[in-house]
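> Could you have a look at this structure, given as structure tokens, before my questions?
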Amino acid sequence: MKRGTTVCDLTSARWHSIWSIDELVLMIFEHCELRSAACLARTCHRLYTLGIPLIWTSPPLTALITLAESTADIFASSSRTHCNWKSWLWCNKPIPQPTNSPRSRRLKFFSQFVTDLILTDPSDSFESPEIEILLEVIQQESVESLFPRLQSLVIIIHRPEFLQCILPFASRNLSWIKIFLAPPNTDQVLGGSGYGIFLPHLCTLPRLDSLTLFGSDTISKDELHFISTILRTFPDLEAFDAWRMKADDEFFRRLSSTRNLVTLRIQLGLIVPTLDSVSLPHLESLIIEYSSNTDLSVLLDHLHAPVLRRIQLDFHWELGALAFDSPAGFNGPAYRLVSERIAASWSQSLEDLTISRVGQLQIEKESLRIWDMDSFRPMLSCHQLRKFLIAPPIRLDAQDADLVQIGQSWPKIRELSLTGYGSPISSRRPCAGAEGLLALVGNCHELEVLELSINLQSLGALIPNIKNWPEEYATVRNPNLRNLYVHDCLICDVDNTSMFVRRLFPNLETFRYARKELFPMSGNAPTESERMVCMQRIQKELGLEEE
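The numbering of the sequence shown is my numbering, which starts it at 105 and goes up by one.
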């Protein structure tokens, strides 16, 4: 290699494919002339080694092993060990005598900096030399000496035998253990538990902080023994995620026995109106997938969770016979009742409310996809709100007065999404204008993401001279806002609008809008193409790239 090698040559360094180079290191290389490829490789390795205690703390096992492998290309070695075991089921076979290979020595060096480790169970047809290498090394020394700083463990499990193999890692004094159970044939289990086979090994763990059931659809009635045993064995369980398991009232009765549950993600089955009080005093995050607002209302009425901060409601596929004006359906009047219940219980603690939908609306009538702010007006009493998101296919129409109220009621809001990609482009003009936008921005100084349907045609009347703002708006700006989505904003003055947006949001990174080709429901109005051209020009004037 010729003298004068610079940062462009770093791509040839094998370790660079494992971890990106810090900007400070890039600056160093820009000012260094390296005489040879070997010199470059040694310098790379030394700088990387110095940074290991700072950056290499939470690797997946595959990345950790790959790193140990890649270092061999930097330092020539006379011998390398290749594991040819065909399956992780070898753990039930005699273990070969370990060798003090260069790879093992490198693994021992890198592992001393690891604080969080991810172990993944391979599937039937996938060989896992990484697990084999790791188990080979721990035959020479204990897990404690190999990972002296290990604090947390994440295990993704397909079969009970794998959990038995890696129990030595969980036996030490860790501060966090998270388990993903993903049996490959859960959907083939009829009328029985798909997770009960894991119980004997799970119950031997010294602790369990987070459990995710990641198999196919099941019901809590079939998993009742499994759930009861887990909750009884690990009363301090902090997170339970079973988004594909339909939970009934008996499940929630058992759930009340947990002392420290912080996160719950579940799919609602049939909930009886006589449900007992569900007390979860430490619950902070609740994610629910459901198909009836009636079941949701029953749960919200009986849930006692005084510190609940986050609620995400995912409405499931609609039943064909479900009336769209029903209080149990996915419509504005139904969500007025839901928001009243939420505001009545958590107005002092709620920080995040997300309303979304799984699947498409079976009836795409425009009036069913455009709601007004009255559906969520009770939420204005939740003054701690930091995120409010209405996901497509719904468009929440807010008027100027609504934006004024939002600004006054949610001064800490960071993400406000009233519409988004997939929301309808209506023949009806957007209700909100520049006046409401200025009022919102003037009160919400922490706003980072804003998505709404807005009409900026009134900008000229509000601010006649865009270079000389009226005194009442002179100080209004938000340097924190990064993402702005104006959905179906009408054709407006390109120069004035771009100058307005640039001054109001000086650090804007993305400017987006609805595109006709993504919205077949919008029709073929001649003005639609002109609107898109106008938005493209504004985006270009702002110096932002089209996504």
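Positions of the beta carbon are idealized from the N, C-alpha and C atoms, including for glycine.
1. Compute the Euclidean distance between the alpha carbons of residue 492 and residue 457, then round it to the nearest angstrom.
2. Between which residues of its own chain and residue 508 is the CB-CB distance below 7 Å, once the five residues before and five after are set aside?
3. Quick check: the Cα distance between residue 497 and residue 401, rounded to an integer number of angstroms?
4. Could you spell out the range, first to last residue, of the beta strand (DSSP E) harbouring residue 371?
5. Please determine, among 371, 454 and 489, the residue with the shortest C-alpha to C-alpha distance to residue 461.
6. Could you check what DSSP says for residue 256 in three-state terms: helix, strand or coil?
7. According to DSSP, simplified to helix, strand and coil, what is residue 490?
8. So residue 250 and residue 241 are supposed to be a Cβ contact under 8 Å. How far apart are they, rounded?
9. Which whole-angstrom value describes the C-beta separation of residue 517 and residue 495, a residue pair presumed to lie in contact below a C-beta threshold of 8 Å?
10. Taking just the CA atoms, how far does residue 449 sit from residue 484?
11. Residues in the same chain with beta-carbon distance under 6 Å from residue 415, minus the five sequence neighbours each way, listed in chain order, please.
12. Between residue 247 and the rest of its own chain, which residues show a CB-CB distance below 7 Å, the 5 nearest in sequence each way excluded?
13. Looking only at its chain, what residues have a beta carbon closer than 7 Å to the beta carbon of residue 351, apart from the 5 residues adjacent to it on each side?
14. Under the three-state reduction of DSSP, which class applies to residue 381: helix, strand or coil?
15. Rounded to the nearest angstrom, what separates residue 567 and residue 549 at their Cα positions?
16. By Cβ distance below 6 Å, which residues in the same chain neighbour residue 265 in space, the five residues on each side in sequence not counted?
17. Would you decide whether residue 230 is buried or exposed? Buried here means 16 or more other CB atoms lie within 10 Å of its CB.
18. Buried or exposed for residue 209, please, with buried defined as at least 16 other CB atoms from any protein chain shown within 10 angstroms of its CB.
19. Sort out for me which residues DSSP pairs residue 210 with in a bridge.
20. With distances taken Cα to Cα, identify the nearest neighbour of residue 524 among 633, 499 and 455.
21. Hey, out of 245, 314, 243 and 515, whose CA is closest to residue 582's CA?
22. Which partner residues does residue 614 have in the DSSP bridge list?
23. Can you tell me whether DSSP reads residue 580 as helix, strand or coil?
24. Under a three-way DSSP split, which group does residue 567 fall into?
25. Taking all protein chains shown into account, do 16 or more other C-beta atoms lie within 10 angstroms of the C-beta of residue 298, making it buried, or fewer, making it exposed?
26. Is the CB-CB distance between residue 503 and residue 535 below 9 Å?
27. Closest by CA to residue 363, which one among 394, 398 and 409?
28. Leaving out five residues before and five after residue 570 in sequence, what residues of the same chain have Cβ atoms less than 7 Å from its Cβ?
Let's see:
1. 5 Å
2. 540 and 543
3. 22 Å
4. 367 to 372
5. 371
6. strand
7. coil
8. 6 Å
9. Going by Cβ atoms, the distance from residue 517 to residue 495 rounds to 17 Å, so no, they are not a contact pair.
10. 13 Å
11. 390 and 457
12. 272, 273 and 276
13. 324, 370, 371, 372 and 373
14. coil
15. 21 Å
16. none
17. Interpretation of residue 230 is limited by its pLDDT of 46, a score under 50 that renders its predicted location unreliable; no figure is taken from the coordinates.
18. exposed
19. According to DSSP, residue 210 bridges with nothing at all.
20. 499
21. 515
22. 587
23. coil
24. coil
25. buried
26. yes
27. 409
28. 600, 603 and 604
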